[in-house]
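Residue numbers (this note's numbering), protein chains in the order written: chain A, 45 to 154; chain B, 53 to 433.
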Amino acid sequence: MTDMPMREPTFLILTALAASPQHGYGIMTDVAQISDGQVRLRAGTLYAALNRLVVEDLVEVDREEIVDTRLRRYYRLTPRGTARLAVEVDRRRRHTAVAARRLALLGGPA
Amino acid sequence: MDDRLRVSDAERDGAAALLRDHFAAGRLSAQELEERLAIILAAQTFGDLRRALAGLPPTAPVLQPASPAPAEAGPLARGYRRLLACYPVWYRRVHEEEMLAVLMTAAPPGKRRPSIAEATDLLWGALRIRCQPSRPGAEPAWRDALAVASVIVPLVLVVTVVVNQAPVFLPGSGALARGFRLFALEAMAAPLAMAVVIPLALRMRRVAALTGAGLPIVLVFSLFGHGVNVAIGEASLFLAVGLQTVAFAASAGPRRGLQILTRKHAVLVLVATLLVCTHLADVVIPAGATVRLILLTAIGAGMALTSSLGRWLLLLLAIPAWPLLLTAVPAIPGWALNVLPSTAAVTVAWYLPPAALATLAALAARRASAHSPKPLGTPDA
Numbered sequence: 045m046t047d048m049p050m051r052e053p054t055f056l057i058l059t060a061l062a063a064s065p066q067h068g069y070g071i072m073t074d075v076a077q078i079s080d081g082q083v084r085l086r087a088g089t090l091y092a093a094l095n096r097l098v099v100e101d102l103v104e105v106d107r108e109e110i111v112d113t114r115l116r117r118y119y120r121l122t123p124r125g126t127a128r129l130a131v132e133v134d135r136r137r138r139h140t141a142v143a144a145r146r147l148a149l150l151g152g153p154a
Numbered sequence: 053m054d055d056r057l058r059v060s061d062a063e064r065d066g067a068a069a070l071l072r073d074h075f076a077a078g079r080l081s082a083q084e085l086e087e088r089l090a091i092i093l094a095a096q097t098f099g100d101l102r103r104a105l106a107g108l109p110p111t112a113p114v115l116q117p118a119s120p121a122p123a124e125a126g127p128l129a130r131g132y133r134r135l136l137a138c139y140p141v142w143y144r145r146v147h148e149e150e151m152l153a154v155l156m157t158a159a160p161p162g163k164r165r166p167s168i169a170e171a172t173d174l175l176w177g178a179l180r181i182r183c184q185p186s187r188p189g190a191e192p193a194w195r196d197a198l199a200v201a202s203v204i205v206p207l208v209l210v211v212t213v214v215v216n217q218a219p220v221f222l223p224g225s226g227a228l229a230r231g232f233r234l235f236a237l238e239a240m241a242a243p244l245a246m247a248v249v250i251p252l253a254l255r256m257r258r259v260a261a262l263t264g265a266g267l268p269i270v271l272v273f274s275l276f277g278h279g280v281n282v283a284i285g286e287a288s289l290f291l292a293v294g295l296q297t298v299a300f301a302a303s304a305g306p307r308r309g310l311q312i313l314t315r316k317h318a319v320l321v322l323v324a325t326l327l328v329c330t331h332l333a334d335v336v337i338p339a340g341a342t343v344r345l346i347l348l349t350a351i352g353a354g355m356a357l358t359s360s361l362g363r364w365l366l367l368l369l370a371i372p373a374w375p376l377l378l379t380a381v382p383a384i385p386g387w388a389l390n391v392l393p394s395t396a397a398v399t400v401a402w403y404l405p406p407a408a409l410a411t412l413a414a415l416a417a418r419r420a421s422a423h424s425p426k427p428l429g430t431p432d433a
């Protein structure tokens, strides 16, 4: 199960949380920034993913704050989440390395 | 929030209820629960309550004063709240304000209502959350409901078979025999059901699943043989067998089902079984009993609606019921069942194809199990 390739939104959410604990809106803006605006998470998608990640013990609640009467709940990676992200990074790195080598053989940009 | 603020009785009760939830979820031992409850009983300030709940994941915002900051107002917030109402209660209790805050922060100023894309996203998110387990280590409610269905549906099918088949081998007159004549064609589906029930009784889950998968083929043959009217009458039994197959293939199985079968759901089991018996033998049961049965059904359904497991269960159990509802509408022409004379020979003939199917499935499963480390007859975990 843990060896299954990760879907892009999940990968980006974990990447966003790898920097520091963040609240929902922070994750949304960070994900947009990481992906150069290509992935724009909406609240429904984000929170369904967060709920699954919390249940799978990859992410946990860090703390709560109230800013301008609005509740902010911060999330952070668990040790399991960190390990899972590392596995995924390794997998992606292997695949892109192979792709780059083959592109180089074709004489294309690598 | 200020830890020095004084707490009310209602807030102490809320915190105590929360502790019991955490105890039920296995996060606290009985001794820890008592220690922490003592702190709550003596709590004077929010700081005391916070101490009693230390180290536990946040669930409901009980640590906020009873008169919270003014909630989000305006048409946009109301629009979002209406969409968030589609989320399960346990999720909303924890995340509604948080999600609303994110939605309001992301909204450009002057926006008056949620866009269609946002509405779709929130509704899809609500559906996904409903299909996920509510806490770590738990099964999603739909899988648990399937596990309970894997207990109920075989029960109902066995009753069906008994009611349908008994008169063939115990010839005579009387209400039961007349009942059988009315439902002679459904008797064809009953042996098919048995082809699934028997392997299940022998704890051969995969055989049952394979047999069940073959049933649509037989349904197509019955369409050729008897025309569409008959098939509609039988559809509910086929659907029940199909539901059973899915329940066994996709859930943790009847053992898990029995573990989580609460008294509330046991009532539902009773009602479902009674309903099927009534449908199959409505010649026998006096018409006056119908009112009582409808009442019983309403009570059972009402009880089931109070939990997410019960709601999923109702949804699943309604699947085989819908053709019965259609046949009950006399205004639609062509729904009535055809009546064929029934003999023991006909019954035996109906048993042959499913028996062959079951044998084939058993052989295939045995062959498959020869290559897998886990033996076929292993009881469900």
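By construction, the Cβ of each residue, glycine as well, lies at the ideal position given by its N, Cα and C atoms. Remember, predicted model here, so these are calculated numbers, not experimental data.
A residue is called buried once 16 or more other Cβ atoms fall within 10 Å of its Cβ, and B/S202 is buried on that count. Residue B/R195 holds the alpha-carbon nearest to the alpha-carbon of B/R363 among B/A301, B/A302, B/R195. A contact is defined here as three or more CB-CB pairs under 8 Å, and the stretch 103-123 of chain A meets this definition with respect to the stretch 140-153 of chain B. Here A/L58 has M50, L97, L102, V103, L121, G125, R128, L129, E132 as same chain residues with Cβ atoms under 8 Å from its own Cβ, once five neighbours each way along the sequence are excluded.
Of the residues assessed, A/T140 falls on the exposed side of the cut-off, its CB having fewer than 16 other CB atoms within 10 angstroms. DSSP links A/E108 through a beta bridge to A/R117. Going by DSSP, B/P192 is part of no alpha helix (DSSP H) at all; its letter is neither H nor E. Only Y69, M72 from the stretch 69-83 of chain A bring a Cβ to less than 8 Å from some Cβ of chain B.
At a Cβ-Cβ threshold of 8 Å, B/A304 and B/E191 count as neighbours.
Of the candidates B/A193, B/S81, B/G99, B/A77, B/G99 places its Cα closest to the Cα of B/L57. Taking all protein chains in view, the Cβ of B/R88 is crowded by 16 or more other Cβ atoms within 10 Å, so the residue is classified as buried. Exclusion of the five residues before and after B/A353 leaves L366 as the residues of its chain whose Cβ lies within less than 7 Å of its Cβ. For A/R96, the residues of chain B that pass the 7 Å Cβ criterion are Q184, in the order they occur in the chain. Interface annotation for the stretch 111-128 of chain A against chain B: T113, R114, L115, R116, R117, criterion Cβ-Cβ distance under 7 Å. Annotated three-state conformation of A/R128 is helix, per DSSP. In this structure the stretch 166-184 of chain B lies against the stretch 135-149 of chain B, because at least three pairs of beta carbons, one per stretch, are closer than 8 Å. Here B/T314 is exposed. Its C-beta has fewer than 16 other C-beta atoms within 10 Å. Residue environment analysis places A/P123 among the exposed positions, since fewer than 16 neighbouring C-beta atoms fall within 10 angstroms of its C-beta. Taking a C-beta distance under 8 Å as the contact criterion, A/V75 and A/L85 qualify as a contact pair. In the DSSP assignment, B/S186 falls outside any alpha helix (DSSP H) and carries neither an H nor an E.
Per the C-alpha coordinates, the member of B/Q184, B/R144, B/A301, B/A69 positioned closest to B/L198 is B/A301.
For the pair B/A104 and B/I91, the CB atoms are nearer than the 8 Å cut-off. In the DSSP assignment, B/D65 falls within the unbroken alpha helix (DSSP H) covering 61-76.
For B/T157, the uninterrupted alpha helix (DSSP H) segment begins and ends at 141-158.
Within the DSSP secondary-structure output, B/R58 pairs in a beta bridge with B/T97. For the 8 Å CB-CB criterion, B/R79 and B/L101 do not form a contact. A distance of 8 Å or more separates the beta carbons of A/A60 and B/L155. Here B/L368 has A197, A201 as same chain residues with Cβ atoms under 6 Å from its own Cβ, once five neighbours each way along the sequence are excluded. For B/R180, the nearest beta carbon of chain A is closer than 8 Å to its own beta carbon. No residue range can be given for B/G107, since it is assigned to no alpha helix (DSSP H) and is classified by DSSP as neither H nor E.
Shortest Cα-Cα distance from B/R72 to any of B/V208, B/E84, B/A62 involves B/E84.
Between A/R51 and chain B, the shortest Cβ-Cβ separation is not below 8 Å. Between the alpha carbons of A/F55 and B/R130 lies a distance of about 33 Å.
In this structure, the alpha-carbon of B/R308 lies about 37 Å from that of B/A62.
At a beta-carbon threshold of 8 Å, the residues of chain B lying near A/T89 are D173, W176, G177, ordered along the chain.
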